[in-house]
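Here the sequence shown stands for residues 298 to 862, where the numbers follow the working numbering.
Shown next, in structure tokens, is the structure this report addresses.
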Amino acid sequence: MPQRKLTKRLGELLIDHGVITPAQLDTVLQKQHQQGGRMGTLLVQMGILSERELLGFVAEQLGIPLLDLNKANIDLQAVKLLSEVYARRYRALVIDANDTEVTVVLADPADLDTQDAIGNLLAPREVHLAVAPHSQMLEFYDQLYRRTDDIAHLAGQLSEEHAPSRNVIDTAGLEDNDATVARLLNSLFEDALQVGASDIHIEPDHKVIRLRMRVDGMLQETELKEVAIAPALVSRLKLMAGLDISERRLPQDGRFELTVKANPVDVRMATMPVQHGEAVVLRLLDQSGGIRSLEQAGMPSSLLSAFRRKLASPNGIILVTGPTGSGKTTTLYGALAELNTPDRKIITAEDPVEYRLPRVNQVQVNGKVGLTFARILRTSLRQDPDVLLIGEMRDQETAEIAMRGALTGHLVLSTLHTNDAPSSAIRLMDMGVPGYLVASTLKAVLAQRLVRKICSYCKVEHRLDAGERQFLMHLDARSESGRFYRGQGCASCNHTGHKGRVGVFEWLEINQAMADALRKQHIEGFEAEVARSLGFVTLAQAALELALQGEIAVSEVLRLSEWVD
């Protein structure tokens, strides 16, 4: 390997160049003698040097580049030249290659044994080295080494094991400890968590199984040709969720818990009979991060203050509204976390219970035995609660009981499926709730959406076309002189231009004029009062504000506006 190598020990070189003092080196050597470990790692852990300072010095001494992987051009095919096992073992990553040469990023290029091992693994190609922080490389391992190859291999193996000469797998004798099915599902869950997927869709079709994962709100698809293994996968999942594996004609719901790479994951499972078998959706709730606080939800400070002020009310109803996957439950759990004090009794009615909260009496709806939202609410009101949380107001009976509870001195939190905040009050009346009840109890509505953030590593300025400019000017005149951005795609965001999501919020407090219109069930009058209210910001306007701040692209503002319309 034609690379320069450090002729002295790292510690001696750092002293020669005035990077550390002899006393600091003695301290590090003593610690190394006591607990082992690499010199560079200990220097960083002890705060003597930052990781980038250390790597910058090593890169300069070896005459190799120090890379920021987020900004590097990574060839996905070249990455596969080094298996994940060896990549993690040697803390290495192949980022570019041709027939004769290969570029390898190392976390510790001064390690001669690692250089020799990598050279042997990639022979006969000539190896060129670069260096990058190991912490950054760990993030890219999860992103670049997807489990798709493992999934495809295990699917083929499973197809051979169960159906060597048949087109359809017979699952009647499927055992719970079927190793290949278990490994396939484990790889599927690992892959989903590595890319930050919120749910997994398993959809059998005529000739393929479609595996789709929702990442940052958008589905990413992989196809498996072994369509005959679908019943085995579904049966295994049903066993894990305690469902009836013999029932394939009716939908079933269940849940189970598993541990993936030491992270506890709660999985909600829903099956549905379709034309070519059973489709399954698996909702993934990573419990390792705990309940997200209201600050982490990303609300503007003024809105957060207003929301907390209403949460401090002793009674009334606060609604959080939006479509499925908009973060309503996350917001409500964040609110409960703040309200959850020893002097408050909190009861929840949920379908299903997503996160377990200490000190909170959480009740799971069970329609099979008649334990409905309405029945739980009636019983809860006799339990002397201070706060009630209703997973969703689905019908008139549930809504009316909740509102009568609010009238008798309880604070009620709930969700509703409407496009925006003003529609929530109208939706309640459409359900048959009298206007006077809505007017007397509804205090505020928070509508929310999740939109994709621009990747910070490939962010470039975006020039508006005529249609975009006209639409944005309709929302806010500042769009005329505002600067907008987009992501052009890079290795960090998997070439999508987006990485992560942020909340967009619409806050409506019911004032006296709005309440009077609701009491009269005067819908047009209510909407007119909303339009006249000071400080009311629509979802589209809130999204535009994020675009003006450079957090989201104009395309996300347009996409959200389509949802709202």
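Don't be surprised by glycine CBs; every beta carbon is placed ideally from N, CA and C.
Computed from a prediction, not measured in an experiment: that's the story for all the values here.
Quick one: what's got a C-beta closer than 7 angstroms to E635's C-beta in the same chain, skipping five residues either side?
Taking the sequence shown and counting its residues from 1, the one referred to as residue 635 is at position 338. Excluding positions up to five away in sequence, the list reads L591 and L608.
Which word fits A559, buried or exposed, when buried means at least 16 other C-beta atoms lie within 10 angstroms of its C-beta?
Numbered from its first residue, the sequence shown carries residue 559 at position 262. A559 is exposed by the Cβ-count criterion.
Identify the continuous beta strand (DSSP E) that holds N560 and give its terminal residues.
Here the question's residue 560 lines up with position 263 in the sequence shown. Looking at the DSSP string, the run of the beta strand (DSSP E) that includes N560 is N560 to V571.
Beta-carbon proximity list for H425, same chain, < 6 angstroms, skipping 5 on both sides:
Taking the sequence shown and counting its residues from 1, one reaches residue 425 at position 128. Here the set comprises T400.
Decide if L534 is buried, meaning its Cβ has at least 16 other Cβ atoms within 10 Å, or exposed.
As a position in the sequence shown, residue 534 is number 237, starting the count at 1. Result: buried.
Buried or exposed: which applies to V735, given that a residue is buried once 16 or more other Cβ atoms fall within 10 Å of its Cβ?
Translated into the one-based positions of the sequence shown, residue 735 becomes position 438. Per the 10 Å Cβ criterion, buried.
Given S610 as reference, the closest of T627, S623, R641 and T618 once Cα atoms are compared:
For the purposes of this step, residue 610 is taken as residue 313 along the sequence shown, with counting starting at 1. Residue R641 is the option with its Cα nearest to S610.
N- and C-terminal bounds of the beta strand (DSSP E) containing K796
The residue labelled residue 796 in the question sits at position 499 within the sequence shown. Note, K796: beta strand (DSSP E), H795 to E806.
Residues in the same chain with beta-carbon distance under 7 angstroms from R546, minus the five sequence neighbours each way, listed in chain order, please.
As a first step, residue 546 must be located in the sequence shown, where it is residue number 249. Only P570 meet the Cβ criterion.
Within 10 angstroms of its Cβ, does A718 collect 16 or more other Cβ (buried), or is it exposed?
Mapped onto the sequence shown, residue 718 falls at position 421. A residue is called buried when at least 16 other Cβ atoms come within 10 angstroms of its Cβ; A718 meets this threshold and is buried.
May I ask which residues mark the beginning and end of the alpha helix (DSSP H) holding M515?
Here residue 515 corresponds to residue number 218 of the sequence shown, with the count starting at 1. M515 -> not in any alpha helix (DSSP H); beta strand (DSSP E) instead, spanning M515 to L521.
Can you give, in chain order, each stretch of the alpha helix (DSSP H) that sits fully within the stretch 743-799 and has at least 4 residues?
763-772
Could you say which of C790, H573, L581 and A576 lies nearest to F553 if we only look at CA atoms?
Sequence index remark: in the sequence shown, residue 553 carries index 256 (1-based). Closest option to F553, Cα to Cα, is L581.
Spell out the partners DSSP gives Q659 in its beta bridges.
Locating residue 659 in the sequence shown gives position 362, counting from the first residue. Per DSSP, T645.
Is the separation between the beta-carbon of T712 and that of K625 shorter than 8 angstroms?
Position 415 of the sequence shown holds residue 712. Position 328 of the sequence shown holds residue 625. Contact flag set, yes.
Which residues in the same chain as G797 place their Cβ atom closer than 6 angstroms to its Cβ, once the five residues preceding and following it in sequence are excluded?
For the purposes of this step, residue 797 is identified with residue 500 of the sequence shown, where counting begins at 1. Counting only Cβ-Cβ distances below 6 angstroms, and skipping sequence neighbours, we find K750.
Assuming contact is defined by CB atoms lying nearer than 8 angstroms, are I317 and L326 in contact in what I supplied?
To locate residue 317, count along the sequence shown from 1; it is residue 20. To locate residue 326, count along the sequence shown from 1; it is residue 29. No, Cβ-Cβ distance for I317 and L326 is not below 8 angstroms.
State the DSSP-derived secondary structure class of T835, mapped to helix, strand or coil.
Residue numbering aside, residue 835 sits at position 538 when the sequence shown is read from its first letter. In this structure, T835 counts as coil in the three-state DSSP scheme.
If the criterion is Cβ atoms closer than 8 angstroms, does the pair P406 and I361 meet it?
Along the sequence shown, read from residue 1 onward, the residue named residue 406 stands at position 109. Along the sequence shown, read from residue 1 onward, the residue named residue 361 stands at position 64. Yes, these two residues count as a Cβ contact at 8 angstroms.
Could you say which of L363, D396, N417 and N395 lies nearest to Y387 if we only look at CA atoms?
Taking the sequence shown and counting its residues from 1, the one referred to as residue 387 is at position 90. Among L363, D396, N417 and N395, the Cα nearest to that of Y387 belongs to N417.
Please classify D496: does DSSP put it in a helix, a strand, or coil?
In the sequence shown, the residue the question calls residue 496 occupies position 199. Of the three classes helix, strand and coil, the one that applies to D496 here is strand, per DSSP.
Does the distance from the C-beta atom of A810 to that of E821 stay below 8 angstroms?
Indexing the sequence shown from 1 puts residue 810 at position 513. Indexing the sequence shown from 1 puts residue 821 at position 524. No, Cβ-Cβ distance for A810 and E821 is not below 8 angstroms.
Closest to N791 by C-alpha separation, out of L366, P682, Q342 and G337, would be which residue?
Sequence index remark: in the sequence shown, residue 791 carries index 494 (1-based). Considering only alpha carbons, the answer is L366.
Distance, G664 Cα to D681 Cα:
Translated into the one-based positions of the sequence shown, residue 681 becomes position 384. Translated into the one-based positions of the sequence shown, residue 664 becomes position 367. Approximately 24 angstroms between the Cα atoms of the pair.
Identify which residue in G613, Y782, D550 and T397 has its Cα closest to the Cα of V742.
Within the sequence shown, numbered from 1, the residue matching residue 742 stands at position 445. Closest option to V742, Cα to Cα, is G613.
How close, in whole Å, do the beta carbons of E350 and S432 come, if the pair is a contact with beta carbons under 8 angstroms?
Locating residue 350 in the sequence shown gives position 53, where the first residue counts as 1. Locating residue 432 in the sequence shown gives position 135, where the first residue counts as 1. Actually they do not touch by this definition, with Cβ atoms about 14 angstroms apart.
Classify G847 as helix, strand or coil using the three-state DSSP reduction.
The residue labelled residue 847 in the question sits at position 550 within the sequence shown. In the structure shown, G847 sits in coil (DSSP, three-state: anything other than H, G, I, E or B).
Hey, out of V562, R511, D439 and G574, whose CA is closest to P501's CA?
Here residue 501 corresponds to residue number 204 of the sequence shown, with the count starting at 1. Of the listed residues, the one whose Cα sits closest to P501 is G574.
Go through its chain and collect everything with a Cβ distance to N483's Cβ below 7 angstroms, but skip five positions before and after it.
Walking along the sequence shown from the start, residue 483 turns up at place 186. None.
Tell me the DSSP secondary structure of R580 in three-state form.
Along the sequence shown, one-based indexing puts residue 580 at 283. The answer is strand: DSSP assigns R580 an E or B state.
Run of the alpha helix (DSSP H) containing M866, from where it starts to where it stops
This structure cannot speak to residue 866, because the chain is shown only from 298 to 862.
The alpha helix (DSSP H) spanning R701 covers which residue range?
Sequence index remark: in the sequence shown, residue 701 carries index 404 (1-based). Per DSSP, R701 belongs to the alpha helix (DSSP H) from Q693 to L704.
Selected residue, minimal CA-CA separation from R385, among E689, Y442 and L373:
Reading the sequence shown from its first residue, position 88 is the one you call residue 385. In terms of Cα proximity to R385, the closest of E689, Y442 and L373 is Y442.
Ignore the nearest five residues each way along the sequence and tell me which others in M510's own chain have a CB closer than 6 angstroms to its CB.
Position 213 of the sequence shown holds residue 510. Once the five neighbours on either side are set aside, the close Cβ partners of M510 are A489, A494, I497 and Q517.
In angstroms, rounded to a whole number, what distance separates the CA positions of T338 and V391?
Reading the sequence shown from its first residue, position 41 is the one you call residue 338. Reading the sequence shown from its first residue, position 94 is the one you call residue 391. Those two C-alpha atoms are separated by around 22 angstroms.
Hey, S532 and L616: beta-carbon distance below 8 angstroms or not?
Here the question's residue 532 lines up with position 235 in the sequence shown. Here the question's residue 616 lines up with position 319 in the sequence shown. Taking 8 angstroms as the Cβ cut-off, S532 and L616 do not qualify as a contacting pair.
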